[in-house]
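First to last, the protein sequences are chains A and B. Read in order, the letters of the first sequence correspond to residues 606 to 801 in our numbering. Read in order, the letters of the second sequence correspond to residues 606 to 801 in our numbering. Using N, Cα and C, we set each Cβ at its ideal position, and we do this for glycine too. Treat the numbers as computed from the prediction; the structure is a model and nothing was measured. Data first, discussion second: the structure below is written as structure tokens.
2 protein chains.
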Amino acid sequence: MPSNFRPVALHHASRLVNHGPTVLVTSAHGGRRNVMAAAWSMPVEFTPPRIAVVIDKKTWTRELVVAAGGFGLCLPGTGLVDVTHAVGQSSGREHDKFSAFGIAAAAGPVLGMPIVESGCAAWLECRLIREPHTEDAYDTCFGEVVAAAADPRVFADGHWSFRDDNAELQTIHHLGGGQFVRPGGVLHAVPPQAGG
Amino acid sequence: MPSNFRPVALHHASRLVNHGPTVLVTSAHGGRRNVMAAAWSMPVEFTPPRIAVVIDKKTWTRELVVAAGGFGLCLPGTGLVDVTHAVGQSSGREHDKFSAFGIAAAAGPVLGMPIVESGCAAWLECRLIREPHTEDAYDTCFGEVVAAAADPRVFADGHWSFRDDNAELQTIHHLGGGQFVRPGGVLHAVPPQAGG
Numbered sequence: 606m607p608s609n610f611r612p613v614a615l616h617h618a619s620r621l622v623n624h625g626p627t628v629l630v631t632s633a634h635g636g637r638r639n640v641m642a643a644a645w646s647m648p649v650e651f652t653p654p655r656i657a658v659v660i661d662k663k664t665w666t667r668e669l670v671v672a673a674g675g676f677g678l679c680l681p682g683t684g685l686v687d688v689t690h691a692v693g694q695s696s697g698r699e700h701d702k703f704s705a706f707g708i709a710a711a712a713g714p715v716l717g718m719p720i721v722e723s724g725c726a727a728w729l730e731c732r733l734i735r736e737p738h739t740e741d742a743y744d745t746c747f748g749e750v751v752a753a754a755a756d757p758r759v760f761a762d763g764h765w766s767f768r769d770d771n772a773e774l775q776t777i778h779h780l781g782g783g784q785f786v787r788p789g790g791v792l793h794a795v796p797p798q799a800g801g
Numbered sequence: 606m607p608s609n610f611r612p613v614a615l616h617h618a619s620r621l622v623n624h625g626p627t628v629l630v631t632s633a634h635g636g637r638r639n640v641m642a643a644a645w646s647m648p649v650e651f652t653p654p655r656i657a658v659v660i661d662k663k664t665w666t667r668e669l670v671v672a673a674g675g676f677g678l679c680l681p682g683t684g685l686v687d688v689t690h691a692v693g694q695s696s697g698r699e700h701d702k703f704s705a706f707g708i709a710a711a712a713g714p715v716l717g718m719p720i721v722e723s724g725c726a727a728w729l730e731c732r733l734i735r736e737p738h739t740e741d742a743y744d745t746c747f748g749e750v751v752a753a754a755a756d757p758r759v760f761a762d763g764h765w766s767f768r769d770d771n772a773e774l775q776t777i778h779h780l781g782g783g784q785f786v787r788p789g790g791v792l793h794a795v796p797p798q799a800g801g
């Protein structure tokens, strides 16, 4: 599988998830691996680049993430909407969801977490920052981004570019119940006149 | 100002921010109030409805939120993109940003936090759940949603509906640098055939 992906500078990593895309959370430990979907993630710091993601304590992913001390976040494009919803509906405890759903993954460059490029817009490899209380009380896991890359057709030089000719690579945003929305028109803020 | 807003059931509150909209964080305490923009928020639990939002410890908003024990999250529509960017660029410590930028606010029903309906799609009023370590280490503040409402032209019965005739009320999603994207086409996930 030839990769078009290019590294994303770590100080631009927060831009990848700034607009709220649904992500695939990947994990691997002891010869096993898993992938699930998560609509609930956000950056929490630019430098060092840190993110938070909600991973339910009952999931197989959570076990693998804690055991491995890391996880991957892969941003599925619109072409993967069905797969994204499906991997969020079943557990990988009994079977390998990558194989079951035909998801091609490679080992991330720093932590060896599974990273998915085919059909994805970008990925981030993250080292888990252990916060047992927050993980327990809110299922919220913090991570530091240690590597990131994106398909330059949709993200380059720290900027997203959503166009008619890259619709398949555009991020998806879960509205709930298997309904997703993709990015629409771009709006450029202009400083308003402050009155009063 | 007549309001079209209707209450949102608390078990549907997470849907309001599930797709990653940029929000206005509002606060009030001791006769003073403030509003800032935040791209970094996410739900962390359906029931009880809880969210996390990143509020920099250096901000005036953070001081007010901790003092009041609560905050508002208001979801600006596309018509407020300039104002949203502007309130994220200046501090309200020296002047009232609601007045400066012509933002009409009322007192929320449970905590009295400022809520903005004109130009917004929805709002949530949240009680701060004190987590001093997480607030300090990651600027991440947890809150429990105690009231929520939405304009039924864009969110009703727990579902978003983005259409040509409600463009002004659609959520905005910050890409960085004052560029926002609004929702585009909706994608309905279909269960794929699991093979292999």
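Hey, how far is the Cα of residue i from the Cα of residue j?
i, j, result
"F651(A)", "D744(B)", "12 Å"
"S766(A)", "F760(A)", "6 Å"
"V659(B)", "D741(B)", "11 Å"
"G697(A)", "F785(A)", "23 Å"
"G713(A)", "G636(B)", "52 Å"
"I708(A)", "T664(B)", "43 Å"
"G684(A)", "H690(A)", "12 Å"
"V791(A)", "I720(B)", "26 Å"
"V750(B)", "F703(B)", "23 Å"
"S695(A)", "A711(B)", "44 Å"
"D661(B)", "E699(A)", "42 Å"
"A610(B)", "G783(A)", "Before going further, note that residue 610(B) is Phe rather than Ala in the sequence given. Spanning the two alpha carbons is a distance of roughly 26 Å."
"A753(A)", "P737(B)", "30 Å"
"L774(B)", "H764(B)", "14 Å"
"H624(B)", "L678(A)", "16 Å"
"P796(A)", "R735(B)", "35 Å"
Look up residue i in the DSSP assignment and give the residues it is bridged to.
i, result
"A633(A)", "R638(A)"
"R655(B)", "E650(B), E749(B)"
"G677(A)", "T631(A), E730(A)"
"H779(B)", "F785(B)"
"G682(A)", "T776(A)"
"P791(B)", "The sequence as given places Val at residue 791(B); Pro does not occur at that position. In DSSP, V791(B) forms a bridge with V786(A)."
"H617(B)", "Beta-bridge pairing links H617(B) to no other residue."
"H690(A)", "The partner list for H690(A) (beta bridge, DSSP) is empty, contrary to what the question assumes."
"F767(B)", "According to DSSP, F767(B) bridges with nothing at all."
"A720(B)", "The question names Ala, but residue 720(B) is Ile in the sequence shown. A711(B), per the DSSP bridge assignment."
"P626(B)", "P626(B) pairs with nothing; no bridge assigned."
"F610(B)", "Looking at the DSSP assignment, F610(B) forms no beta bridge with any residue, so it has no partner."
"F760(A)", "W765(A)"
"A754(A)", "P612(A), W728(A)"
"A643(A)", "V628(A)"
Which same chain residues, not among the five before or five after residue i, have their C-beta less than 8 Å away from its C-beta?
i, result
"V649(A)", "R655, I656, A657, F747"
Apart from the five residues just before and just after residue i, which ones in its own chain have a Cβ nearer than 6 Å to its Cβ?
i, result
"H634(B)", "L669, A672, A673"
"L680(A)", "P626, V628, C725, A726, A727, T776"
"A705(B)", "none"
"N771(A)", "R758, V759"
"S608(B)", "E722"
"H616(A)", "T652"
Among residues of its own chain, excluding the 5 on either side of residue i, which ones have a beta-carbon nearer than 7 Å to its beta-carbon?
i, result
"F676(A)", "V630, T631, S632, V670, M718, C731, L733, G748"
"E762(B)", "According to the sequence displayed, residue 762(B) carries Asp and not Glu. Once the five neighbours on either side are set aside, D762(B) has no close Cβ partner at all."
Since residue i and residue j should fall inside the 8 Å C-beta cutoff, what is the C-beta to C-beta distance between them, to a whole number of angstroms?
i, j, result
"A644(A)", "H779(A)", "4 Å"
"A755(A)", "V622(A)", "Incorrect: roughly 11 Å between the Cβ atoms, too far for contact."
"L729(B)", "A618(B)", "6 Å"
"D687(A)", "R638(A)", "About 21 Å separates the two Cβ atoms, so there is no contact after all."
"G693(B)", "M641(B)", "6 Å"
"R620(A)", "G781(B)", "5 Å"
"T739(A)", "T739(B)", "6 Å"
"R787(A)", "G789(B)", "5 Å"
Cβ-based contacts, 9 Å cut-off: residues of the stretch 743-765 of chain B near chain E: The structure shown has no chain E; the protein chains it does contain are A and B.
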